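Enquirer:
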Amino acid sequence: MLILGIETSCDETSAAVVRDGVTVLSNVVSSASARYEALAGVIPEDAARRQIECVIPVIDTALREAKVTAADLHAIAVTSGPGLLGSLLVGTVTARMLSAAFRLPIVPVHHTLGHLSSVWPGNAAKPPLFPSLTLSVSGGHSDVWLRTSHTRGRLLGRTRDDAVGEAFDKGASMLGLPYPGGPAIAKVAETGRIDAYAFPVPLKGDDSLDFSFSGLKTALRYLLRDEKLTVPLAERALADVAASYQHALCSHLADRVELALARHPEIAEVHLVGGVSASTYLRSLLTQRIGDVPVRWPASFGYCTDNAAMIAAAGHFLLTERPEELGRKFETAATASLSGVVNDPEETAGSR
Ligand code: KG4
Ligand code: ZN
Numbered sequence: 005m006l007i008l009g010i011e012t013s014c015d016e017t018s019a020a021v022v023r024d025g026v027t028v029l030s031n032v033v034s035s036a037s038a039r040y041e042a043l044a045g046v047i048p049e050d051a052a053r054r055q056i057e058c059v060i061p062v063i064d065t066a067l068r069e070a071k072v073t074a075a076d077l078h079a080i081a082v083t084s085g086p087g088l089l090g091s092l093l094v095g096t097v098t099a100r101m102l103s104a105a106f107r108l109p110i111v112p113v114h115h116t117l118g119h120l121s122s123v124w125p126g127n128a129a130k131p132p133l134f135p136s137l138t139l140s141v142s143g144g145h146s147d148v149w150l151r152t153s154h155t156r157g158r159l160l161g162r163t164r165d166d167a168v169g170e171a172f173d174k175g176a177s178m179l180g181l182p183y184p185g186g187p188a189i190a191k192v193a194e195t196g197r198i199d200a201y202a203f204p205v206p207l208k209g210d211d212s213l214d215f216s217f218s219g220l221k222t223a224l225r226y227l228l229r230d231e232k233l234t235v236p237l238a239e240r241a242l243a244d245v246a247a248s249y250q251h252a253l254c255s256h257l258a259d260r261v262e263l264a265l266a267r268h269p270e271i272a273e274v275h276l277v278g279g280v281s282a283s284t285y286l287r288s289l290l291t292q293r294i295g296d297v298p299v300r301w302p303a304s305f306g307y308c309t310d311n312a313a314m315i316a317a318a319g320h321f322l323l324t325e326r327p328e329e330l331g332r333k334f335e336t337a338a339t340a341s342l343s344g345v346v347n348d349p350e351e352t353a354g355s356r
């Protein structure tokens, strides 16, 4: 089954052609993030205007790179939410237009289900296993899922305040580093000491699998004030603060994964997905801390951050596990919960 994926939930415009959820024939991403480097985030209207201009050329390039035409496709999978409304509308209106013009059914995909599917593209030789513990970490969410299939599972824990990507982005802004903050902090942290500065352990004594990142962000602000560190920081201090802050954020994630594994010994693999899964520091910390259970992340960095290959993959899995999704009526929505989409009915009682 050949699916065209379209993803425009934030500042990027992406189109991909994916066969059977795993073989990526093309994955084109046009990102506007360079326009927002000097700011702490994206300007929504500006992002949507840019997406209107590039969505058709990006789709065209994806089809050409995949060496297919619209006639070869079986369906269009498009991100229907959550995200920036104007941006989402560019993708979904384009999908509706192509659907009418080429008589192709649409599969609406929840953006987070796309991230949850992102360890499959490019992994035809060794497909990931269930049940999996999926740590989904990006600029918009920090969730831990127990998944029994591609489209079934339950949420074990989630952030009570900021997402971890947001904590990277806001922390970078305090340190005078560009947006997006995760890669900027990782770069300067390379030469820093992870134990140079102490950060508090979030939700200490709380035995849920939830996360909290806003306290670490506040601790960073107080650290800069108390140590009298002002932007631009000296190279040594910047490296040490960035390394200690990155370690604190990633340790909180690893602590929760460790606890979840202790509670669910049936888990076959840990999957790390979302923009923050691009963090090589987080990858190695999890691998060290988890021991026997294999840890996997997307096959390429391009599948960690927002991309259409994961949306096409999720569309494929929705169609194979839930054929009724084909051509379902849907709304484009800035906020949308995934729990209602993937919850195992028999496991709902007692779950979050
Ligand atoms: O999934 P994504 O592209 O967009 C959302 O759906 O939010 O994630 C973007 C987030 C940003 O907060 C960015 O700082 C973070 O992913 N990120 C990283 C790294 N690369 C991107 N965080 C830590 N380390 C990285 N290498
Ligand atoms: Zn995302």
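For the working numbering, count along the sequence shown from 1 and bump the result up by 4.
Backbone N, C-alpha and C fix where the C-beta goes; we use that ideal spot for every residue, glycine too.
A quick note: this is a predicted structure, and the numbers were derived from the prediction, not measured.
(1) Flag GLY126 as yes when its Cβ comes closer than 6 Å to any non-hydrogen atom of the ligand KG4, and as no otherwise.
(2) Where PRO298 and GLN292 are concerned, what is the direct C-alpha to C-alpha distance, given to the nearest angstrom?
(3) With SER35 as the anchor, note down where its beta strand (DSSP E) starts and where it stops.
(4) Please confirm whether any heavy atom of the ligand ZN lies closer than 6 Å to the CB of GLY142.
(5) Closest to PHE172 by C-alpha separation, out of ARG151, ALA340, SER142 and ARG162, would be which residue?
(6) Can you determine whether any heavy atom of the ligand KG4 sits closer than 6 Å to the C-beta of CYS321, and answer yes or no?
(7) Is the beta carbon of GLY185 within less than 6 Å of some heavy atom of the ligand NAP?
(8) On the DSSP letters alone, give me the boundaries of the alpha helix (DSSP H) that ILE294 sits inside.
(9) At which residue ranges does the segment 97-122 contain complete beta strand (DSSP E) runs of 3 or more residues, listed in the order of the chain?
(10) Can you check which of these residues, ASP310, PRO61, LEU6 and THR339, is closest to SER140 by C-alpha distance?
(11) Using DSSP's beta-bridge definition, name the partner residues of TRP149.
(12) Does the segment 56-69 come into contact with the segment 333-345, if we say contact requires no fewer than three beta-carbon pairs (one atom in each stretch) closer than 8 Å?
(13) Run the proximity test for THR138: is its beta-carbon closer than 6 Å to any non-hydrogen atom belonging to the ligand KG4?
(14) Would you check whether the ligand ZN has a heavy atom nearer than 6 Å to the C-beta of ASP310?
(15) How many Å lie between HIS256 and VAL192 at the Cα?
(16) Any heavy atom of the ligand KG4 inside 6 Å of the beta-carbon of ALA338?
(17) Does the distance between the C-beta of VAL280 and the nearest non-hydrogen atom of the ligand KG4 fall short of 6 Å?
(18) Using DSSP's beta-bridge definition, name the partner residues of PHE215.
(19) Let me know the secondary structure DSSP gives ALA74 once reduced to three states.
(20) Taking the alpha carbon of LEU402 as the point to measure from, which residue in SER212, ALA246, LEU213 and PRO302 has its own alpha carbon closest?
(21) Report yes if the C-beta distance between LEU220 and PHE203 is below 7 Å; otherwise report no.
(22) Can you check which of these residues, VAL22, SER18 and HIS251, is closest to PHE321 by C-alpha distance?
(23) Report the residue from GLY118, ALA36 and GLY9 whose alpha carbon sits nearest the alpha carbon of ALA74.
(24) Provide the residue(s) that pair with GLU16 in DSSP beta bridges, ordered along the chain.
(25) Just to check my reading of the structure: MET314 and SER122 have Cβ atoms closer than 8 Å, yes? What is that Cβ distance to the nearest angstrom?
(26) Would you report the Cα separation of SER288 and LYS333, rounded to the nearest angstrom?
(27) Quick one, which of LEU242, SER218 and MET178 has its alpha-carbon nearest GLY196's?
(28) Can you give me the Cβ contacts of VAL28 inside the same chain, cut-off strictly under 6 Å, excluding the 5 residues immediately before and after it?
(29) Excluding sequence positions up to five away, which residues of its chain have a Cβ less than 6 Å from the Cβ of ALA128?
(30) Exposed or buried, which one is ALA353 when buried takes at least 16 other CB atoms within 10 Å?
(31) In whole angstroms, what is the alpha-carbon distance linking LEU207 and TRP301?
(32) Taking only three categories from DSSP, how would you classify ARG326?
(33) At what residues does the alpha helix (DSSP H) containing GLU41 begin and finish?
(34) Counting along the chain, where does the beta strand (DSSP E) carrying SER341 start and finish?
(35) Could you please give the first and the last residue of the uninterrupted alpha helix (DSSP H) stretch that includes HIS256?
(36) Taking all protein chains shown into account, decide if SER363 is buried (16 or more other Cβ within 10 angstroms of its Cβ) or exposed.
Expert: Walking through what the data contain:
(1) Mapped onto the sequence shown, residue 126 falls at position 122. Flag unset: Cβ of GLY126 not near the ligand KG4.
(2) For this step, residue 298 is matched to residue 294 along the sequence shown. For this step, residue 292 is matched to residue 288 along the sequence shown. Approximately 11 Å, taken between the alpha carbons.
(3) Translated into the one-based positions of the sequence shown, residue 35 becomes position 31. Run containing SER35: 27-35, per the beta strand (DSSP E) assignment.
(4) Here the question's residue 142 lines up with position 138 in the sequence shown. In the sequence under discussion, the amino acid at residue 142 is Ser, which differs from the Gly named in the question. Yes, the ligand ZN has a heavy atom inside 6 Å of this Cβ.
(5) Working through the sequence shown from its first residue, we reach residue 172 at position 168. It is SER142 whose Cα lies nearest to the Cα of PHE172.
(6) The residue labelled residue 321 in the question sits at position 317 within the sequence shown. Note on identity: in this sequence residue 321 is Phe, with Cys being the wrong assignment. Flag unset: Cβ of PHE321 not near the ligand KG4.
(7) Absence of the ligand NAP from the depicted structure is noted, with the ligand KG4 and the ligand ZN being the only ligands included.
(8) Position 290 of the sequence shown, counted from the start, is the residue given in the question as residue 294. Looking at the DSSP string, the run of the alpha helix (DSSP H) that includes ILE294 is 284-294.
(9) 110-114
(10) What you label residue 140 is simply residue 136 of the sequence shown in a count that begins at 1. It is ASP310.
(11) In the sequence shown, the residue the question calls residue 149 occupies position 145. THR138 and LEU159, per the DSSP bridge assignment.
(12) no
(13) By one-based count along the sequence shown, residue 138 stands at place 134. Result no, Cβ not under 6 Å from the ligand KG4.
(14) Taking the first residue of the sequence shown as 1, we reach residue 310 at position 306. Because some heavy atom of the ligand ZN lies under 6 Å away, the Cβ of ASP310 counts as near it: yes.
(15) Here residue 256 is taken as the residue at index 252 of the sequence shown, counted from 1. Here residue 192 is taken as the residue at index 188 of the sequence shown, counted from 1. Approximately 21 Å between the Cα atoms of the pair.
(16) Residue numbering aside, residue 338 sits at position 334 when the sequence shown is read from its first letter. Checking the Cβ of ALA338 against the ligand KG4 gives no.
(17) To locate residue 280, count along the sequence shown from 1; it is residue 276. Yes.
(18) Walking along the sequence shown from the start, residue 215 turns up at place 211. Beta-bridge pairing links PHE215 to THR163.
(19) Translated into positions along the sequence shown, residue 74 becomes position 70. Helix.
(20) Nothing about residue 402 can be read from this structure; the chain reaches only from 5 to 356.
(21) Reading the sequence shown from its first residue, position 216 is the one you call residue 220. Reading the sequence shown from its first residue, position 199 is the one you call residue 203. A contact, by the Cβ cut-off of 7 Å.
(22) Here residue 321 corresponds to residue number 317 of the sequence shown, with the count starting at 1. Answer by Cα proximity: VAL22.
(23) Locating residue 74 in the sequence shown gives position 70, where the first residue counts as 1. The residue with the shortest Cα to Cα distance from ALA74 is GLY9.
(24) The residue labelled residue 16 in the question sits at position 12 within the sequence shown. GLU16 pairs with SER35.
(25) Locating residue 314 in the sequence shown gives position 310, counting from the first residue. Locating residue 122 in the sequence shown gives position 118, counting from the first residue. With 8 Å as the limit, MET314 and SER122 qualify as a contact, their Cβ atoms being about 4 Å apart.
(26) Residue mapping note: residue 288 aligns to position 284 of the sequence shown, counting from 1. Residue mapping note: residue 333 aligns to position 329 of the sequence shown, counting from 1. C-alpha separation (whole angstroms): 42 Å.
(27) By 1-based counting over the sequence shown, the position of residue 196 is 192. Per the Cα distances, LEU242.
(28) For the purposes of this step, residue 28 is taken as the residue at position 24 of the sequence shown. Correct list, in chain order: VAL22, PRO125, GLY126 and ALA313.
(29) Along the sequence shown, one-based indexing puts residue 128 at 124. Same-chain partners within the cutoff: VAL26 and THR27.
(30) Residue 353 sits at position 349 when you count from the first residue of the sequence shown. Residue confidence is low: ALA353 scores 32 on pLDDT, short of 50, so the model does not pin down where it sits. Its coordinate-derived value is still stated next. So ALA353 ends up on the exposed side.
(31) In the sequence shown, residue 207 corresponds to position 203, counting from 1. In the sequence shown, residue 301 corresponds to position 297, counting from 1. LEU207 and TRP301: Cα-Cα distance of roughly 26 Å.
(32) As a first step, residue 326 is located in the sequence shown; it is residue number 322 there, counting from the start. The answer is coil: DSSP assigns ARG326 none of H, G, I, E or B.
(33) Translated into the one-based positions of the sequence shown, residue 41 becomes position 37. Segment: none, GLU41 is in no alpha helix (DSSP H) and carries neither H nor E.
(34) Taking the sequence shown and counting its residues from 1, the one referred to as residue 341 is at position 337. Neither: SER341 is in no beta strand (DSSP E) and is coded neither H nor E.
(35) As a working note, residue 256 is residue 252 in the sequence shown. Segment 239-267, the alpha helix (DSSP H) holding HIS256.
(36) One cannot answer for residue 363 here, as it falls past the ends of the chain, which runs 5 to 356.
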